[in-house]
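Here the structure is laid out as structure tokens; the discussion comes afterwards.
Protein chains: 2
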Amino acid sequence: MFQALAHPVRRDILALLREHARSAGELADHFPYSKPTMSGHFNVLRDADLVTVERQGTTLIYRLNVSVAEDALAGLMSLLRIDGEAAGAAPARKKGAKP
Amino acid sequence: MFQALAHPVRRDILALLREHARSAGELADHFPYSKPTMSGHFNVLRDADLVTVERQGTTLIYRLNVSVAEDALAGLMSLLRIDGEAAGAAPARKKGAKP
DNA sequence: CTCATATTTAGGAATATTCCTAAATAAGGA
DNA sequence: TCCTTATTTAGGAATATTCCTAAATATGAG
């Protein structure tokens, strides 16, 4: 799953899907690569379970799989033992952080 | 930086360094790979600024660079627009999470 | 069935990663 | 200086990633 996040194009795909679900073609149009290349990136994200796919007629709709993304984040957090306070935009003040 | 996190050995190195700083040799002893191979992994982590290194006599001491790790986490969070609540071990109740 | 559209799979070239052994470098002690 | 210890750099083989073009598949319209 970290492997899937390792390529900038795949992270950008996730950022686009964070806004709303999109078709394969619509996603592909955002990048300067061929459709088959983009399809390969979709496969990597799907294998990592970071996105789900659903067919609608001839088009395939890709969606961000939020729960798995959250698991990824949880794993990275516990790996580094970071509380999460540091991540938001404006960490006003500490909650019950007992270090 | 995501690239640096993509290899399991490098994530395990970070997990070890999260506990406390360690020498190159001490780190290498935790893995079934040669010293030069491990040294290569250290270089990747250093290039990604995820660890710092300091010489102490003949040994090199590696330390987790927490601030950069936090930035990584923040980046992943904003990429996926996740609040961070989902990550901790026991998310008792919501803070000022206003969705 | 045939055609057009949307998307994928197949095959292959260029490049990057990962691991090894052998040799080099750095530091300190006798 | 010479030796030992700690660690790195150098060079190379095996494997994986990334991208392409060409061909295949899937679906719906006519």
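Line by line, the protein sequences give chains A and B.
So the first sequence is numbered by numbering that gives the first Met the number 0: it starts at 0 and just counts up by one.
So the second sequence is numbered by numbering that gives the first Met the number 0: it starts at 0 and just counts up by one.
Glycine residues also receive a C-beta, built at the ideal position from the N, C-alpha and C atoms.
Which residue comes first and which comes last in the beta strand (DSSP E) that contains Leu59 of chain A?
Within the first sequence, the letter at position 60 stands for residue 59 of chain A. Start and end: 58–63.
Three-state class that DSSP yields for Ser77 of chain B in the structure shown:
Position 78 of the second sequence holds residue 77 of chain B. Helix.
Less than 9 Å between the beta carbons of Arg17 of chain A and Leu78 of chain B, yes or no?
Position 18 of the first sequence, counted from the first residue, corresponds to residue 17 of chain A. Position 79 of the second sequence, counted from the first residue, corresponds to residue 78 of chain B. Cβ distance < 9 Å, so Arg17 of chain A and Leu78 of chain B count as in contact.
Assess contact between the segment 48–63 of chain B and the segment 60–74 of chain A, defined as three or more Cβ pairs (one per stretch) separated by less than 8 Å. Is contact present?
no
Could you run through the segment 26–52 of chain B and flag, in chain order, every residue whose CB is less than 8 Å away from some CB of chain A?
none
Simplified DSSP assignment, three categories, for Ser22 of chain A:
Here residue 22 of chain A is taken as the residue at index 23 of the first sequence, counted from 1. Looking at Ser22 of chain A - three-state DSSP - the assignment turns out to be strand.
Rounded distance between the beta-carbons of Ser22 of chain B and Leu59 of chain B, thought under 8 Å:
Here residue 59 of chain B is taken as the residue at index 60 of the second sequence, counted from 1. Here residue 22 of chain B is taken as the residue at index 23 of the second sequence, counted from 1. Confirmed, Cβ separation roughly 6 Å.
Chain B partners of Ala5 of chain A, CB-CB under 8 Å?
Translated into positions along the first sequence, residue 5 of chain A becomes position 6. Correct list: Phe1, Gln2, Leu4, Ala5.
Rounded to whole angstroms, what's the CA-CA distance from Thr57 of chain B to Gly24 of chain B? Just pull it up for me.
Locating residue 57 of chain B in the second sequence gives position 58, where the first residue counts as 1. Locating residue 24 of chain B in the second sequence gives position 25, where the first residue counts as 1. Near 11 Å, if we compare the C-alpha coordinates of Gly24 of chain B and Thr57 of chain B.
Counted within 10 angstroms of its Cβ, other Cβ atoms place His40 of chain B as buried (16 or more) or exposed:
As a first step, residue 40 of chain B must be located in the second sequence, where it is residue number 41. That one is buried.
How many angstroms separate the CA atom of Thr36 of chain A from the CA atom of Val50 of chain B?
Along the first sequence, read from residue 1 onward, the residue named residue 36 of chain A stands at position 37. Along the second sequence, read from residue 1 onward, the residue named residue 50 of chain B stands at position 51. Looking at the two C-alpha atoms, the distance is approximately 34 Å.
Counting contacts by CB-CB distance shorter than 9 Å, is Arg62 of chain B in contact with chain A?
As a working mapping, residue 62 of chain B is identified with position 63 in the second sequence. Output row for Arg62 of chain B: interface = no.
For Arg9 of chain B, count the other beta carbons within 10 Å of its own beta carbon; 16 or more makes it buried, fewer makes it exposed. Which is it?
The residue you call residue 9 of chain B lines up with position 10 of the second sequence. Buried, since its Cβ has 16 or more Cβ neighbours within 10 Å.
Since Leu26 of chain A and Leu75 of chain B are thought to touch, with beta carbons under 8 Å apart, how far apart are those beta carbons, to the nearest angstrom?
Walking along the first sequence from the start, residue 26 of chain A turns up at place 27. Walking along the second sequence from the start, residue 75 of chain B turns up at place 76. Actually they do not touch by this definition, with Cβ atoms about 20 Å apart.
What's the C-alpha gap between Met0 of chain A and Leu15 of chain B?
Position 1 of the first sequence, counted from the start, is the residue given in the question as residue 0 of chain A. Position 16 of the second sequence, counted from the start, is the residue given in the question as residue 15 of chain B. Taking the straight line joining both Cα atoms gives about 21 Å.
Under 9 Å Cβ-Cβ, which residues of chain B neighbour Arg17 of chain A?
The residue you call residue 17 of chain A lines up with position 18 of the first sequence. Leu78, Leu79, Arg80, listed in chain order.
With 9 Å as the threshold, decide whether the Cβ of Arg21 of chain A is near any Cβ in chain B.
Here residue 21 of chain A refers to the residue found at position 22 of the first sequence. False, the Cβ-Cβ gap to chain B never drops below 9 Å.
Beta carbon proximity, Val65 of chain A to chain B, threshold 9 Å
Mapped onto the first sequence, residue 65 of chain A falls at position 66. Answer yes: the Cβ-Cβ gap between Val65 of chain A and chain B drops below 9 Å somewhere.
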